[in-house]
Amino acid sequence: MNFKFHNLLGAPYRGGNVLLSGNTQLISPVGNRISITDLIKSESQTLPCENGKDVHRIAISPNGALLLSIDKDGKSLLINVRQQVVLHRFSFKGPVSALQFSPDGTLIAAAVGKLLQIWRTPGFKAEFSPFQHVRSFASCHDTITCVDWSPDSQWLIVGSKDLSARLFCIHNIEKYSPVVLMGHKDVIHGVYFQVKAHHTSENRVIGAYSVSRDGAVFSWKHHALGNEQDYIALESSNSITVKAQDSRPYAENGTELDERVGYLDLLEVPSTSVFQDNGKRKLEPKITEDSLLSDGQSDLEQVRDKVKRKKIGTRVFRLDGGRWELTNKHFFMQSSKLTSCDYHQGLNMLVAGFAHGIFGIYQMPDFTCIHLLSISKQKLTTSVFNGTGNWIAFGCAKLGQLLVWEWRSESYILKQQGHYFDVNAVDYSPDSQLIATGADDNKLKVWNASSGFCFVTFAEHTNSITAVHFLPSNNALLSASLDGTVRAWDLLRYRNFRTFTTPRPTQFASLATDKSGEVVCAGSLDSFQIYVWSMKTSRLLDVLSGHEGPVHGLIFSPVHEMLASSSWDKTVRIWDVFDGKGGTEVFSHTHDVLTVAYRPDGRQLASTTLDGKIHLWDPIEGELTGTIEGRRDIAGGRLMIDRMTAANSSSGKCFTTICYSADGIYLLAGGNSKYICMYDLSERVLLRRFQITHNRSIDGVLDFLNSKHMTDAGPIDLIDDNDSDAEEGQERTNLGFGLPGTLANAGKPSARTRCIKISPTGRSWVAATTEGVLVYSIDDTILFDPTDLDVDVTPEAIESALESGKSTLALVLALRLNEPKYIRKTIEAVPVSDLPLVASQVPVRHLNRLFESIADIIGNSPYLEFLLIWCQELCRVHGRTIQTQNQKFLPALRALQKAITGIHEDLAGFCNSNNYLLDYFCSAPNAKSFSLETASLGQRALQL
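With our numbering as the guide, the letters of the sequence shown map in order to residues 86 to 1029.
Okay, here's the thing in structure tokens:
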């Protein structure tokens, strides 16, 4: 099956800086991936691009086309945001602490340790050396922490851990006077230029702000000289050029242009402003090599004269001239240190976030507090304004929390918080629209599968959640936990309406319900028993005993009322819960059984064992029908503490979770490995392996380790050398505490898959992994996948049948060709009066594909009623066939139900809003009567 990565749920933010692009798009790093949230459409999407390690810094170009993401080691990806592809890869040779595009988008400023590096922005085409180094500044005495560009992209201001801020110019200026702004007593977290509109329609820098970690805000003012010395005319050799990185242009006679013209270095002046002889400023378009060639001038003298006319020069306003003065010192007066800040030049406003979860908005330069609110109990690791300054985005890495605040109306635009510990369980709703997740943070979250948003969180459990399960009604959800309870949740009123307990406290590890949802079963870890409750009365009906180990797998048969359980006692047991006969069948294994799953038709049972095998059983006959040897398939990845290589190590080479596809053709299996395996059950062969992550910040991703990271004291990554000044990300260490008097191991989390579920529609599946909840969906970009190809099955034959009015023939040919474009065209070309006839003549072998096509079309087609009539006629004519072969048509029908349900919900919300609006208009007073009443009241007032 052609599945591809679609989205990442469960972790909207884990550390690093966030961005607001285009005023409505929130860009946030999630591990080694990038997530983009549309705040208007309320949709979240994770890019398929992966960095080598956790993303530490991101920056986006002013036009929103290029995204630069850099991991903790300084390895970067330049991503085309619209196409979602990686354009270039580059290494900055060290951790990058600050990153920003210039306002004109032509340069990139990156702080690597004490150095400030300036790079040209690469283009959209593949090149051997896309990143070109312009220059570096090495005046700082400690690590640079922040950087900001001037509006004209000529100057930069940087702050560092040496408690000072410095000004740099990207050009080589004669008699340059270094500017150092000092006076802070702690590390500087933010430096920003203060600008003011000038009569030349430019924003001129008039000062700067510097913000330190101890909560001090310094206001600096620049006093210019007020004469021509405030400007400097740049020579061509001193200007920094920014031109397209294309191949060298050629003139009409084929000679290289820079060999013919000696003044082309003047074409590299970045500014478009020139000064005439009278000293007045005039904006003219910049001369480029392309513009010279576009005029069609091939004569050397004409080109030289055109260049000489522009040799008047370009002048830059000097910020190193004049005098810088410290005008004001302000203090936030908070009990904790400042952790994040941002400044909006247009509104002249400053936002600051602190370590105890409080943020403040201040109007500068008076330092007037507009808002001071608490949104978390942990430190705010990032704060940023959007372009208009109306919204502010905050991120809390420790809690995985992401907020967007509208400060004018004092309301939330976005409020998302993921699981900040590993996700243990995941499940799809029967209509495939919702995904439920349970994690070690004791929280149960429900996500919208299409938008990727979490819309409800239940936090009543007091210990880790080990299993979640949707009831067939689609409006209720069950969860089992180590706190000894099984809780039922109402998804309409968002409340806990049932709590199932046991006479003695026990810990639950598995959960299952029958197909009616009236019987709830849970398997325990410590008592080795299975408890059975009634959903209606919450009474404990029965306790099934027989296992001699923890019950980790529990599932009801989709067809028969039989319960299958797997345990570490090397057995799988079949129970007759309703007749009260207890265990009716025992399937013995040679190793501990880890999990169990039923095929959707109930005719096959799969179990996995500790030796890496998948056993296939016939539950009716009680016979072993086959075995899949998956030990070598799942093997991969070497842990830091492994003494042997990945090829020779035997640890973790087993499947801990499996799931059948909706049609029962293939099987997905995952475990303590970086791989998820897909098997074909008829041939019992491996079809495909999915690698859940390439993040080297997670242990077990690399097959070969570097020996230089091994010391006499053990792996160097296990040695605690944390710097208190370093930025804190989300803590992803093990939950287990060490022995009394010891500390927990602060090593890397291991790559593993805890749970896998396939959607009832069969078009997507989710996996609860170390990186979060990965969502994979079928790749619809297949260009050609015919099902019954023949010489006569061509697009021309389909067009000819449509022109001659043979709708049935055209539809059958399109289904045989299996081209979505022609299938949609033939479906919509059938007249309404001919629908019963055409539906009755559709072959049964193409009926499933027709249902899938209608499910894909109905979501974005304006012919809603027409397609619903299509569905009605197909179900009326082929209803008996669909009922007898329900397992074959079930995934397509569920996909169709999901599409229709989504449209129904959208229409219901739209109609409800219209009803409220009409009620408001009807309750409003009549304009005519209102004017008459007003006139009469006015006359009475005059009489009095």
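We put the beta carbon where it would ideally sit given N, CA and C, even for glycine. Keep in mind it's a predicted model, so treat the numbers as computed, not measured.
Asked	Found
Is it buried or exposed, Pro207, if we count other Cβ atoms within 10 angstroms and call 16 or more buried?	buried
Please report the residue range of the beta strand (DSSP E) in which Arg934 lies.	From DSSP, Arg934 is part of no beta strand (DSSP E) but of the alpha helix (DSSP H) over 932-942.
Is the beta carbon of Leu124 less than 8 Å from the beta carbon of Leu132?	no
Quick one: what's got a C-beta closer than 8 Å to Trp574's C-beta in the same chain, skipping five residues either side?	Leu529, Phe543, Ala561, Leu562, Leu563, Ser564, Arg580, Asn581, Phe582
Could you give the distance in angstroms between the alpha-carbon of Leu724 and the alpha-carbon of Gly785?	5 Å
For Asn471 and Arg658, what's the separation of their Cα atoms in angstroms?	59 Å
Can you tell me which of the three DSSP states Arg848 falls into?	coil
With three or more C-beta pairs closer than 8 Å as the rule, is the segment 455-471 touching the segment 434-447?	yes
Check the DSSP bridge columns for Gly756 and list the partner residues they point to.	Phe740
My parser needs the beta strand (DSSP E) runs of 3 or more residues fully inside the segment 503-560; what are they?	508-513, 519-524, 529-533, 539-543, 550-555
Excluding five sequence neighbours on each side, which residues of the same chain lie with their C-beta closer than 6 Å to the C-beta of Asp526?	His504, Tyr505, Phe506
Over the uninterrupted alpha helix (DSSP H) stretch that includes Leu912, give me the two end residues.	Going by the sequence as given, residue 912 is Ile instead of Leu. Taken as a continuous stretch (DSSP letters only), the alpha helix (DSSP H) holding Ile912 covers 905-914.
What does the alpha-carbon distance come out to for the pair Ala924 and Gln518?	29 Å
Closer than 8 Å is the cut-off here; do at least three beta carbon pairs connect the segment 293-301 with the segment 259-278?	yes
Runs of 3 residues minimum, wholly inside the segment 103-177: which ones carry the beta strand (DSSP E) assignment?	104-106, 110-115, 118-123, 128-131, 140-145, 151-156, 160-165, 170-176
Using only the alpha-carbon positions, how far apart do Gln502 and Gly101 sit?	16 Å
Could you check where the alpha helix (DSSP H) with Val897 kicks off and where it finishes?	892-902
Would you mind sorting Asp877 into buried or exposed? The rule is 16 or more other CB atoms within 10 Å of its CB.	exposed
Are the beta-carbon atoms of Gly715 and Cys762 separated by less than 8 Å?	yes
Span of the alpha helix (DSSP H) holding Arg717?	716-719
Which class does Ile841 belong to by DSSP, given the choice of helix, strand or coil?	strand
Quick one: give me the first and last residue of the alpha helix (DSSP H) that Cys960 is part of.	949-962
Alpha carbon to alpha carbon, how far is Val219 from Lys462?	43 Å
Determine the closest residue to Lys270 out of Lys260, Leu201, Leu163, Lys414, with distance taken between C-alpha atoms.	Lys414
Sorted by chain position, which residues of the same chain lie with C-beta nearer than 6 Å to Asp810's C-beta, five sequence neighbours on each side aside?	Confidence in Asp810 is poor, its pLDDT being 48 and thus under 50, which makes the residue's placement unreliable; the coordinate value appears in the next sentence. Closer than 6 Å at Cβ, skipping near neighbours: no residue.
May I ask you to verify whether the segment 136-144 touches the segment 876-893, counting CB pairs closer than 8 Å and requiring at least 3?	no
Straight-line CA distance for Gly569 to Cys481?	31 Å
For Phe613, which of helix, strand or coil comes out of DSSP?	coil
Should Cys1007 be labelled buried (16 or more other beta-carbon atoms within 10 Å of its own) or exposed?	exposed
Between which residues of its own chain and Lys393 is the CB-CB distance below 6 Å, once the five residues before and five after are set aside?	Model confidence at Lys393 stands at a pLDDT of 41, short of 50, so the residue's coordinates are unreliable; what they give is reported in the following sentence. So the list is empty, once near-sequence residues are dropped.
Figure out for me which residue from Phe213, Cys254, Pro180, His226 has the closest Cα to the Cα of Leu192.	Cys254
DSSP three-state call for Glu812: helix, strand or coil?	For Glu812, the pLDDT reaches just 48, beneath the cut-off of 50, and the residue's location in the model is therefore unreliable, although a value from the coordinates is still provided. In this structure, Glu812 counts as coil in the three-state DSSP scheme.
Find the nearest neighbour of Pro643 within the set Asn548, Leu625, Asp748, Thr584, judged by alpha-carbon distance.	Asp748
Between Cys606 and Leu556, which are expected to be in contact by the criterion C-beta below 8 Å, what is the C-beta distance as a whole number of angstroms?	The Cβ separation is near 13 Å, so there is no contact.
Check Ile258 in the structure and name its three-state DSSP category.	coil
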